[in-house]
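Chains A and B, in that order, are what the protein sequence lines are. For the first sequence, position 11 (counting from the first letter as 1) is numbered 11 according to the UniProt record's numbering, and the numbering increases by one without interruption. For the second sequence, position 179 (counting from the first letter as 1) is numbered 179 according to the UniProt record's numbering, and the numbering increases by one without interruption. A virtual CB, placed ideally from N, CA and C, is assigned to each residue, including glycine. Please read the structure below before turning to the comments.
2 protein chains.
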Amino acid sequence: MDSRGPDWDLYRSLLAVIETGSLSGAARRLGLAQPTVGRHIEALEASLGGLSLFTRSPGGLNPTEAALALKPHAEAMSAAAAALVRTAAGGADPERGVIRISASEIVGSEVLPAILAEFHREHPGVALELSPSNAVEDLLRRDVDIAVRMTPPTQAALTAKRIGSVRLQFYAHRSYLQARGEPRDLEDLAANHSLIGYDRVIPSIRTLDEIMGRTGLTIHRELFAYRTDSDLAQLAALRAGVGICACQPVIAARDPNLVPILNGQFQFELEMWVAMHEDLKASRRMRLMFDHLVAGLAEYVKESAR
Amino acid sequence: MDSRGPDWDLYRSLLAVIETGSLSGAARRLGLAQPTVGRHIEALEASLGGLSLFTRSPGGLNPTEAALALKPHAEAMSAAAAALVRTAAGGADPERGVIRISASEIVGSEVLPAILAEFHREHPGVALELSPSNAVEDLLRRDVDIAVRMTPPTQAALTAKRIGSVRLQFYAHRSYLQARGEPRDLEDLAANHSLIGYDRVIPSIRTLDEIMGRTGLTIHRELFAYRTDSDLAQLAALRAGVGICACQPVIAARDPNLVPILNGQFQFELEMWVAMHEDLKASRRMRLMFDHLVAGLAEYVKESAR
DNA sequence: GCGCCGCTATACATATCCGCATGGATAGCC
DNA sequence: GGCTATCCATGCGGATATGTATAGCGGCGC
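Written as structure tokens, this is what we have:
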């Protein structure tokens, strides 16, 4: 029932060596001595049936194909270990510990801060970590505890709650409209105006593409005059008057110089979800944050629907 | 960048103690001495900020709420470690090592053996493990390397390939038909015949339920005269003439005494998928098996479509 | 009530692993 | 060309963790 493999510590050293590229670097990161890490790798190679994991060179250790195949698994262990420590921090006390949250750049910087600030006032002992990213696998790999997503998380083993729909519509800065005029319709928009959009389209934005596709616009890089994959950079460009960009009404309303284009037609709807790994339901602190996010975002969505 | 937590070995001991319920049991499983495991737990509790993980008793150690919250994370580490060892087995040599495959009971025992036998003839050095189960989370948790599924795996971080549709229709054994006659239609079937079906409905069977729901049949336990959650037991019952049961044509055709009911009407279609964690694409052996399964199952589906 | 069997906790000898110090090798730079 | 800054490999003393042995405690069956 066991036939247990190598010590798990060896995997940690393996990962560190692959990532740092040298025994010395791994030793520094792990707080160990270089010979120790070297012996770990040696022991791991022996444990794994004489498998050769690195080609030693004076400049460092070069991972073999076999070692690279093992790396993702070691990363999974590392993520799980980190999640375990986060869960353990503060113990069963919901007023202490760490929570790590992932959200899109926009939500992470424009929507969450207010909501998280409120949570932090109520629970000052809980440390918060925010990871702005669009990667979906975060939750499965346990890189984060809770995620706010704009796509329905169809994953098993996930506790997910739908918040509602967030509108998205075209906005432009007054200064831009003064210089370029206001587009009459979609055709005019596409032909004679400067759109702000994506550079290399990110997978998780696909829903947006579909929606825009339905409106008759074909999405391709050349459609956009100002291209960046960062949502935040797009928002900044919109605020600077570079061009026209899709934006959430509540966020746009914060700048009185941003005005809706095309009479607010061509609204897109994005679903907003909060998701958490089921395993974390065992932690009172995580449940607290989950519920707080659901409530806070529901408020935001309600405001957005007005 | 690091602030590394406790030694990963401690997590392994933690998991073993939770699962066995005692230091001694964990020590036996891990091949360590009981005091060693005790010290591990002690060290872990200290590392985690004086967190209390167990209530010691003469009969064993009782995990606290905090320890139970950590368990899933430790399990994730364990699964990842096991997957790493499987990947490492045989090294980069695609002709050696281990592959662990998950499939439904039916597919695992009626369809895969022939396909896997062929693979095994070509690659006799590769050890194969088959885990018949309907749990979907296997791949994410890395409990298995490759899965054959009858539901579309909508998960990110998964390499999935759709094989095609597998028909499912009602069959009965000749002896049953002699005794009970042949049902004229669905109503007759539901009212006057013995159906073989599920006991406590398993989540992953839901697709089947939906399909059957479309046909007008309401699915509830009482509909079935012979109830078991094991697909294999259902098939065995069908072969023994217990009653009428949905079955794949290719499988039914192997027993000349099984005949289609209702003129082959009311066919259901199930999609067949092969899925693998993206991380495993780095392993040549896994890719080989993935491709072999795709080819072999495509052949099976083609045969089934005739 | 007695003995047996499971468990944990403690004490002590030992084997193991770790860190330190050193040597050798390569690459970049003045 | 020599200097320096990396890196890895090796040898050795010491700290650390492990295993063995034992004591103590509680439950269960006869």
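Subject >> Proximity of Val17 (chain A) and Leu70 (chain A) at Cβ, strictly below 8 angstroms >> reply: no
Subject >> CB contact below 8 angstroms: Trp8 (chain B) versus chain A >> reply: yes
Original post:
Which of the three DSSP states, helix, strand or coil, is assigned to Ile261 (chain A)?
Top reply: coil
**OP:** Could you check the C-alpha separation between Pro6 (chain B) and Val107 (chain A) for me, to the nearest Å?
**Re:** The alpha-carbon atoms of Pro6 (chain B) and Val107 (chain A) are separated by roughly 34 angstroms.
Original post:
When we look at the beta-carbon of Arg121 (chain B) and count the other beta-carbons within 10 Å, is it buried (16 or more) or exposed?
Top reply: By the 10 Å Cβ count, Arg121 (chain B) comes out exposed.
Original post:
Are the stretch 289-303 of chain A and the stretch 15-34 of chain B touching, with three or more C-beta to C-beta distances below 8 angstroms?
Top reply: Result no; under three Cβ-Cβ pairs closer than 8 angstroms.
**OP:** Using beta-carbon positions only, say whether Leu15 (chain A) and Glu75 (chain A) come within less than 8 angstroms of one another.
**Re:** For Leu15 (chain A) and Glu75 (chain A), yes; Cβs fall inside 8 angstroms.
**OP:** Pull out every residue of the stretch 93-106 of chain A whose Cβ sits closer than 7 angstroms to any Cβ of chain B, in chain order.
**Re:** none
Original post:
At least one CB of chain B closer than 8 angstroms to the CB of Ser131 (chain A): is that the case?
Top reply: Answer no: the Cβ-Cβ gap between Ser131 (chain A) and chain B never drops below 8 angstroms.
Original post:
Can you tell me whether Pro124 (chain A) is buried or exposed, with buried defined as 16 or more other CB within 10 angstroms of its CB?
Top reply: exposed
Original post:
For Ile101 (chain B), which option in B:Ala79, B:Leu128 and B:Gly91 has the closest C-alpha, if you only look at C-alpha atoms?
Top reply: B:Leu128
**OP:** Would you verify that the beta carbon of Ser109 (chain B) is, or is not, closer than 8 angstroms to some beta carbon of chain A?
**Re:** Output row for Ser109 (chain B): interface = no.
Original post:
Expressed to the nearest angstrom, what Euclidean distance is found between the alpha-carbon atoms of Ala190 (chain A) and Ile251 (chain B)?
Top reply: 57 angstroms
Subject >> Secondary structure of Tyr300 (chain B), DSSP reduced to three states >> reply: helix
**OP:** Reducing DSSP to helix, strand and coil, say where Arg167 (chain B) ends up.
**Re:** strand
Original post:
Going by DSSP, what residues sit across from Tyr176 (chain A) in a beta bridge?
Top reply: According to DSSP, which records beta bridges pairwise, Tyr176 (chain A) is partnered with nothing at all.
**OP:** Give a yes or no on whether the minimum CB-CB distance between Ala190 (chain B) and chain A is below 8 angstroms.
**Re:** no
Original post:
Should Glu65 (chain A) be flagged as near chain B, meaning a C-beta pair shorter than 8 angstroms?
Top reply: yes
Original post:
Is it right to say Pro72 (chain A) is buried, meaning 16 or more other beta carbons lie within 10 angstroms of its own, or is it exposed?
Top reply: buried
Subject >> is_contact[Thr87 (chain A), chain B] using C-beta, thresh 8 angstroms >> reply: The beta-carbon of Thr87 (chain A) is placed less than 8 angstroms from the nearest beta-carbon of chain B.
**OP:** Classify Asp185 (chain A) as buried or exposed, calling it buried when 16 or more other Cβ atoms lie within 10 Å of its own Cβ.
**Re:** exposed
Subject >> Local conformation of Ala190 (chain B) per DSSP, three classes >> reply: helix
**OP:** Decide if Ser175 (chain A) is buried, meaning its Cβ has at least 16 other Cβ atoms within 10 Å, or exposed.
**Re:** exposed
Original post:
Under three-state DSSP, which class holds Phe54 (chain A)?
Top reply: For Phe54 (chain A), the secondary structure class from DSSP, reduced to helix, strand or coil, is strand.
**OP:** Check whether the Cβ of Ser283 (chain A) lies closer than 8 angstroms to any Cβ atom in chain B.
**Re:** For Ser283 (chain A), the answer is yes, since a Cβ of chain B falls inside 8 angstroms of its Cβ.
Original post:
Per DSSP, what kind of secondary structure is His277 (chain B) in: helix, strand or coil?
Top reply: strand
**OP:** Give the DSSP-derived three-state secondary structure of Met272 (chain B) in the structure shown.
**Re:** Secondary structure at Met272 (chain B): strand, using DSSP grouped into helix, strand and coil.
Subject >> Selection from B:Ala240, B:Asn192, B:Ala298 and B:Pro183 that minimises the alpha carbon distance to Gln265 (chain B) >> reply: B:Pro183
Subject >> Closer than 7 angstroms at the beta carbon, the chain A residues around Gly5 (chain B) >> reply: Close to Gly5 (chain B), with beta-carbon spacing below 7 angstroms, are these residues of chain A in chain order: Ala81 and Val85.
**OP:** Report all residues from its chain with a CB closer than 7 angstroms to the CB of Gly33 (chain B); omit the five preceding and five following residues, and keep chain order.
**Re:** According to the sequence displayed, residue 33 (chain B) carries Ala and not Gly. So the qualifying residues of the chain are Ala27.
Original post:
Can you tell me whether Glu45 (chain B) is buried or exposed, with buried defined as 16 or more other CB within 10 angstroms of its CB?
Top reply: buried
**OP:** Give the straight-line distance between the Cα atoms of Thr20 (chain A) and Arg56 (chain A), rounded to the nearest whole angstrom.
**Re:** In this structure, the CA atom of Thr20 (chain A) is about 14 angstroms from the CA atom of Arg56 (chain A).
Original post:
Bridge partners of Gly60 (chain A), per DSSP?
Top reply: A:Ser57
Original post:
Between Tyr226 (chain B) and Trp273 (chain A), what straight-line distance do the alpha-carbon atoms span, to the nearest angstrom?
Top reply: 41 angstroms
Subject >> Chain-order list of residues whose beta-carbon lies under 7 angstroms from that of Ser13 (chain A) (same chain, five-residue window excluded) >> reply: Ala26, Leu30, Val37, His40 and Ile41
**OP:** Throw me the rounded Cβ distance for the Cys245 (chain B) and Tyr171 (chain B) pair, which I believe falls under 8 angstroms.
**Re:** The pair is a contact, with the Cβ atoms about 6 angstroms apart (cut-off 8 angstroms).
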